[in-house]
Amino acid sequence: MFSRAWGIGRSLAMYHGIPGRHRKMVRFYSEFLGPGDIGFDIGAHVGSRVRAWRKLGANVIAIEPQPDCLKVLRLFFGRADDVTIVPSAVGARPGTAHLALSSATPTVSSMSSSWRETVGEDRSFARVRWDRSIEVEVVTLDDLIAKHGEPAFCKIDVEGFELDVLSGLSTPLRALSFEYLPFAHDATVAVLDLVQRLGPYRYNYSPIETMRFASDRWLDAADLMRLLHRFRPLGRSGDVYARLER
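This is how it looks when you write it as structure tokens:
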């Protein structure tokens, strides 16, 4: 119980308590979302992006399977007309799956056993423990779109389960993002290949929580990979952003 309280408290401090972060996040996401737009926050965690997207006037679909994070989301946004909280995971097909929880570090709870094995070899994860597991409902992106409408932007942050999430999508979205971890580089390549098959996208990269793009122009897939190869030796994670070519 102490580990769970510590983990959620740490997440709240990281994502809501750093001065200036919310303002930078609002400015950054204004490129993708505006009044009346729909935003999918897949892996909403404790709602930092929900908060920023609401400021932009977007209607937010916050998808999160972790029970402790859901309590925070319901506390912060449960009565908000512009937020819909979906207590599910997202995957390639509907059903149920096991979610491995890390009580002390809930940001790395994951449904991917191969991802946990890969990151477990990195020294930055040396103290991470996945100490319990729960069964969660799984829906697909196609299911979410059918129920809530097509999003102007979809953030995917699911700790190694990104490929499964995008495998449940049959049509390209206007814009999306997915996490990049240098020590899970091959997994990012597989996700990028799938995004490329969905539609004609251009790409950029934002190092972790900087809310800034690493390139001053949008890139094709080959240029993005060259950019990621420059960041890979630094060991810093971040997010790849993709938007359909106009």
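With positions in the sequence shown counted from 1, the corresponding number in the numbering used here is that position plus 75. Using N, Cα and C, we set each Cβ at its ideal position, and we do this for glycine too. Since the model is a prediction, treat every value here as computed from it, not as a measurement.
DSSP puts C229 in a beta bridge; with which residues?
F115 and L251
Supposed close pair T246, G166 - CB separation, criterion 8 Å
T246 to G166, Cβ: 17 Å. No contact.
With I136 and H223 assumed to form a contact (beta carbons below 8 Å), what rounded beta-carbon distance in angstroms separates them?
5 Å
Residue range of the alpha helix (DSSP H) that includes I220
L216 to H223
Could you compute how far the alpha carbon of G132 sits from the alpha carbon of M100?
14 Å
Quick check: I231 and E237, are their CB atoms within less than 8 Å of each other?
yes
Comparing alpha-carbon positions, which option in V183, F103 and L273 lies nearest W128?
F103
Excluding five sequence neighbours on each side, which residues of the same chain lie with their C-beta closer than 6 Å to the C-beta of I209?
L174
So Y278 and Y316 are in contact, right, with Cβ under 8 Å, and what is the actual spacing, rounded?
7 Å
Beta-carbon separation (whole angstroms), R311 vs P282, contact threshold 8 Å
5 Å
From V211 to R191, what distance separates their C-alpha atoms?
18 Å
Mark D116 as exposed unless 16 or more other C-beta atoms lie within 10 angstroms of its C-beta, in which case mark it buried.
buried
Mind checking who T180 pairs with in its DSSP beta bridge?
Answer is none; T180 lacks a bridge partner.
Pick from E320, A227, R98 and L309 that is closest to Y276, judged by C-alpha positions
E320
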